[in-house]
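Inspection log for the structure reproduced underneath, given as structure tokens.
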Amino acid sequence: MVTSGDLPGLELPDFDAHSELGGLGAIELSHPTQDLDGDGLLDTVTTGTDHAMQVWTDMDHDGFADHMTVVDSGGDFSAWEFHHHPDGTTEWVRTDNGHLGK
Ligand SMILES: [Ca+2]
Ligand SMILES: [Ca+2]
1 MVTSGDLPGL
11 ELPDFDAHSE
21 LGGLGAIELS
31 HPTQDLDGDG
41 LLDTVTTGTD
51 HAMQVWTDMD
61 HDGFADHMTV
71 VDSGGDFSAW
81 EFHHHPDGTT
91 EWVRTDNGHL
101 GK
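Those letters in the sequence shown? Residues 1 to 102, per the UniProt record's numbering, in order.
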């Protein structure tokens with residue numbers, strides 16, 4: 001099992017740019033610390049290790065992450081979106097990936 005990094009109280013997995021979120025399920029952001037879109041409501045938590053950094057964002061403020069971007073130490077990144085399907089199932093879908101810099 002992966003650890004949640006150094007943010008106490010958060011049970012967020014440690015992913016790198018090549019991880020598959022797929023069936024991870026809903027990620028609860030109970031204590032967001034950043035306001036990514038500047039609307040005055042905290043919506044984002046950043047987690048990470050020396051190896052990779054993850055940015056989890058709750059766009060609609062329902063307490064659960066809707067977007068995740070991960071950048072690893074080599075500059076590879078992936079962006080993921082949390083989808084709710086009509087049949088009640090949920091799934092993380094990769095929306096972008098590539099390499100920063102160069
Ligand atoms: Ca916000
Ligand atoms: Ca949400």
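Every residue, glycine too, gets a C-beta built ideally from N, C-alpha and C.
Computed from a predicted structure; not experimentally measured.
- Query: In chain order, what residues of the same chain lie with their CB nearer than 6 Å to the CB of Thr69, ignoring the 5 residues before and after it?
  - Reply: Closer than 6 Å at the Cβ level, and outside the excluded window around Thr69, lie Val55 and Ala79.
- Message: For a test of your reading of the model: does the CB of Gly38 fall under 8 Å from any non-hydrogen atom of ligand 1? Yes or no.
- Response: Flag set: Cβ of Gly38 near ligand 1.
- Item | Assumed close pair Asp96, Ser73 - CB separation to whole angstroms, cut-off 8 Å | About 19 Å separates the CB atoms of Asp96 and Ser73; that is not less than 8 Å, and the two are not in contact.
- Item | Length of the line joining the Cα atoms of Met53 and Gln34 | Computed Cα separation, rounded: 15 Å.
- Query: Since Gly23 sits in a beta bridge, which residues does DSSP pair it with?
  - Reply: Gly23 pairs with nothing; no bridge assigned.
- Pairwise C-alpha distance: Ala17 and Asp62: Cα to Cα, Asp62 sits roughly 26 Å from Ala17.
- Task: Provide the residue span of the beta strand (DSSP E) that contains His99, from first to last.
- Result: Thr90 to His99 is the extent of the beta strand (DSSP E) around His99.
- Query: For the candidate residues Gly38, Glu91 and Val71, whose alpha-carbon lies nearest to that of Gly98?
  - Reply: It is Val71 whose Cα lies nearest to the Cα of Gly98.
- Item | Ala26 at chain B interface by Cβ criterion, 9 Å | No chain B is part of this structure, which consists of one protein chain only.
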